[in-house]
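Written out below as structure tokens is the structure these notes cover.
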Amino acid sequence: MGILQSVDFEFVSHFVRKRSAIVLEPEKTYLVESRLLPLARREGFASIDELVAKLRLSPIGGLHTKVVEAMTTNETSFFRDLQPFEALRKVLLPEFATKRAATRQLRIWCAASSTGQEPYSLAMLIREHLPQLASWDVKILATDLSTQVLEKARSGCFNQIEVNRGLPAAFLLKYFDRQGLTWQLKETIRQMIEFRPLNLIEAWPTLPPMDIVLIRNVLIYFDVQTKKDILGKIRRLLRPDGALLLGGAESTFNLDESYVRSEVEKTSIYRLR
Numbered sequence: 408m409g410i411l412q413s414v415d416f417e418f419v420s421h422f423v424r425k426r427s428a429i430v431l432e433p434e435k436t437y438l439v440e441s442r443l444l445p446l447a448r449r450e451g452f453a454s455i456d457e458l459v460a461k462l463r464l465s466p467i468g469g470l471h472t473k474v475v476e477a478m479t480t481n482e483t484s485f486f487r488d489l490q491p492f493e494a495l496r497k498v499l500l501p502e503f504a505t506k507r508a509a510t511r512q513l514r515i516w517c518a519a520s521s522t523g524q525e526p527y528s529l530a531m532l533i534r535e536h537l538p539q540l541a542s543w544d545v546k547i548l549a550t551d552l553s554t555q556v557l558e559k560a561r562s563g564c565f566n567q568i569e570v571n572r573g574l575p576a577a578f579l580l581k582y583f584d585r586q587g588l589t590w591q592l593k594e595t596i597r598q599m600i601e602f603r604p605l606n607l608i609e610a611w612p613t614l615p616p617m618d619i620v621l622i623r624n625v626l627i628y629f630d631v632q633t634k635k636d637i638l639g640k641i642r643r644l645l646r647p648d649g650a651l652l653l654g655g656a657e658s659t660f661n662l663d664e665s666y667v668r669s670e671v672e673k674t675s676i677y678r679l680r
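Counting in this note's numbering, the sequence shown runs from 408 upward without gaps.
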């Protein structure tokens, strides 16, 4: 039931790349199988072969969307890769608190935000360490191509395993309410974030100028041209003195020379020249 024929892998990899720009090499066959098998079962197919056959025959629709969402990596946790959050807490957020004192407005974008741990971590960080911003107009935009993960993110509800991954116990007690077997973020944190669907490789909706953009551990899945296109769009969105944070294995080097890298708290920060 779980064996994916090579011709079907080629079809799925081409389809996923066209819809999401995610590159699936042949050695990733096991990954595709592990993601599609549960989906096939949920959708009532006897095998992955049947699922792919349905994809081939059906017009673009709900099943195609579910396949793309199944193939996107939703690995995330609270305060993932702690160093970037230290850079934000110690340097970037205080810097923008000073720079934006006149307008008392701050705009941050978390791209590919998955189930919301990253933007929620950022919101808690701001509330905890920059209480002077409580009266400001602070908005965190969090986007993802998966409507399924966005629905979970909007709820602000996480199970015990999820809150045990990276979340300080003091934050759990201060910013969450216990709801049976789950924990829900308090309204004061949830209202700081707007969750919206956005596919990075498609036309972007009109977005406001951003002070800080986090697009971490995303570009590694794309080909060179797609990386260049995304960095170019971010460049046009970022305020002249804004800051861009990528994943630890990512860089703008040889992709977009408009950015200048500096290191803050062992974290690479990219700014416009």
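All residues carry an ideal CB built from backbone N, CA and C; glycine is no exception.
For the alpha helix (DSSP H) containing residue i, list its first residue and its last residue.
{"i": "E476", "result": "G469 to M478"}
{"i": "I568", "result": "Q567 to V570"}
{"i": "Q632", "result": "V631 to L644"}
{"i": "R487", "result": "Here R487 belongs to no alpha helix (DSSP H), and DSSP marks it neither H nor E."}
{"i": "L557", "result": "T554 to S562"}
{"i": "I533", "result": "Q524 to H536"}
{"i": "K425", "result": "S413 to S427"}
Please name the residue, chosen from the options, that lies closest to residue i on a Cα-to-Cα basis.
{"i": "K640", "options": "L495, N606, V439 and K546", "result": "N606"}
{"i": "A576", "options": "A428, W590 and V414", "result": "W590"}
{"i": "W516", "options": "L470, K546, S465 and E664", "result": "K546"}
{"i": "L588", "options": "R603, E569 and M599", "result": "E569"}
{"i": "A509", "options": "D544, L529, A530 and M617", "result": "D544"}
{"i": "M599", "options": "R585, S542 and A610", "result": "S542"}
In or out: residue i buried (at least 16 other Cβ within 10 Å) or exposed?
{"i": "K681", "result": "Shown here, the chain extends from 408 to 680; a query on residue 681 therefore has no answer."}
{"i": "R514", "result": "buried"}
{"i": "R511", "result": "exposed"}
{"i": "M408", "result": "The predicted model places M408 with a pLDDT of 49, which falls under 50 and marks its position as unreliable; any figure quoted below should be read in that light. By the neighbour-count rule (16 or more Cβ atoms within 10 Å), M408 is not buried but exposed."}
{"i": "Y437", "result": "exposed"}
{"i": "E434", "result": "exposed"}
{"i": "L431", "result": "buried"}
{"i": "R603", "result": "exposed"}
{"i": "E417", "result": "exposed"}
{"i": "Q524", "result": "buried"}
{"i": "D618", "result": "buried"}
For residue i, list the residues DSSP reports as bridge partners.
{"i": "D456", "result": "Its beta-bridge partners do not exist; DSSP assigns none."}
{"i": "I619", "result": "I515 and A650"}
{"i": "K546", "result": "R514"}
{"i": "I600", "result": "I547"}
{"i": "W590", "result": "F565 and R585"}
{"i": "T674", "result": "V671"}
{"i": "Y666", "result": "L679"}
Taking residue i as part of the beta strand (DSSP E), name the residues at either end of that continuous run.
{"i": "F660", "result": "Where F660 is concerned, there is no enclosing beta strand (DSSP E), given that its DSSP letter is neither H nor E."}
| Per the contact definition of three or more C-beta pairs closer than 8 Å, is the segment 618-630 in contact with the segment 440-450? | no
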